[in-house]
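Notes for the one structure printed next.
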Amino acid sequence: MLYAPIETAIKITAEEQAILQNKTVGIVGLSVGQSIALTLAMERSCGELRLADFDTAELSNLNRIRTGISSLGLRKTVIAAREIAEIDPFLKVKIFSEGLTQENIDVFFDDGKKIDLLVEVCDGLDVKVISRFKARSMGIPVVMDTNDRGMLDVERFDLEPETPDPAWACRGP
């Protein structure tokens with residue numbers, strides 16, 4: 265199904281839209297990741313989103329997530345899924361409200377359809393490491409953003425499978 269021509273039609277051809285609607289993007293961390301998920305929904309840049317975050321909305325999050333005080337205490341995954349449903353009710357969204365864990369990582373990355381891209385914007389070092397190990401083993405590219413000095417990291421595990429082991433970040437000098 266192709267969608268009505270919108271501004272993205274100027275940037276994305278019908279053929280590219282057909283390819284993108286079959287892509288699955290996994291997003292880990294929804295303080296920053298929510299805006300990424302909403303942008304993907306608005307631009308109709310994928311056919312499925314998988315959202316993982318264990319946290320609930322707190323007053324201190326309102327400068328980073330699109331919600332109001334009525335959502336305080338709700339799971340960030342639920343808030344993001346509701347916003348996406350308002351933008352595009354046909355976009356498939358799967359939520360992992362316990363965050364990305366050793367118990368659910370296999371399903372998050374491949375529940376019959378492998379994710380095509382991992383966007384990792386979480387705070388936990390443990391999750392950053394296990395998600396990279398998994399992405400590397402499956403040849404999935406990773407885009408990571410951190411608010412620490414505006415660092416952006418792109419790991420092309422799909423194009424560069426010989427990329428050194430992501431555990432380098434855990435080793436000392």
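Per this note's numbering, the sequence shown starts with residue 265, numbered consecutively. Note that the Cβ used here is the ideal one computed from N, Cα and C, for glycine as well. Since the structure is predicted, the reported quantities are computational estimates derived from the model, not experimental observations.
Given a length threshold of 3 residues, each whole run of the beta strand (DSSP E) inside the segment 278-365 is given here in chain order: 288-292, 312-316 and 356-360.
The residues Gly311, in chain order, have a CB closer than 8 Å to that of Asn286 in the same chain once the five nearest residues on each side in sequence are set aside. Beta-bridge partners assigned by DSSP to Val383: Ile291 and Val407. Counting the other CB atoms within 10 Å of its CB gives Arg346 a total below 16, which places it among the exposed residues. Between Val407 and the set Asn327, Val292 and Ser324, the nearest pair of CA atoms involves Val292. Under the three-state reduction of DSSP output, Asp417 falls in the strand class. Under the three-state reduction of DSSP, Asp374 is assigned to strand.
When the five nearest sequence neighbours on each side are left out, the beta carbons in the same chain lying within less than 7 Å of the beta carbon of Phe372 are those of Gly290, Arg314, Ala316, Phe360 and Leu364, in order along the chain. Of the other Cβ atoms in all chains shown, 16 or more fall within 10 Å of the Cβ of Ser295; this residue is therefore buried.
Per the Cβ contact rule, the segment 381-389 is not in contact with the segment 334-346 (fewer than 3 Cβ pairs under 8 Å). Here Leu323 is exposed. Its C-beta has fewer than 16 other C-beta atoms within 10 Å.
Check the Cα spacing between Asp409 and each of Glu384, Glu279, Lys340 and Ser309: the tightest is with Glu384.
Going by DSSP, Leu389 is part of the alpha helix (DSSP H) stretching over Leu389 to Met402. Using a 10 angstroms sphere on the CB of Arg339, the tally of other CB atoms reaches 16 or more, which defines it as buried. Between the alpha carbons of Ala399 and Asp352 lies a distance of about 28 Å. With a 10 Å radius around the Cβ and a threshold of 16 neighbouring Cβ atoms, Val357 comes out buried.
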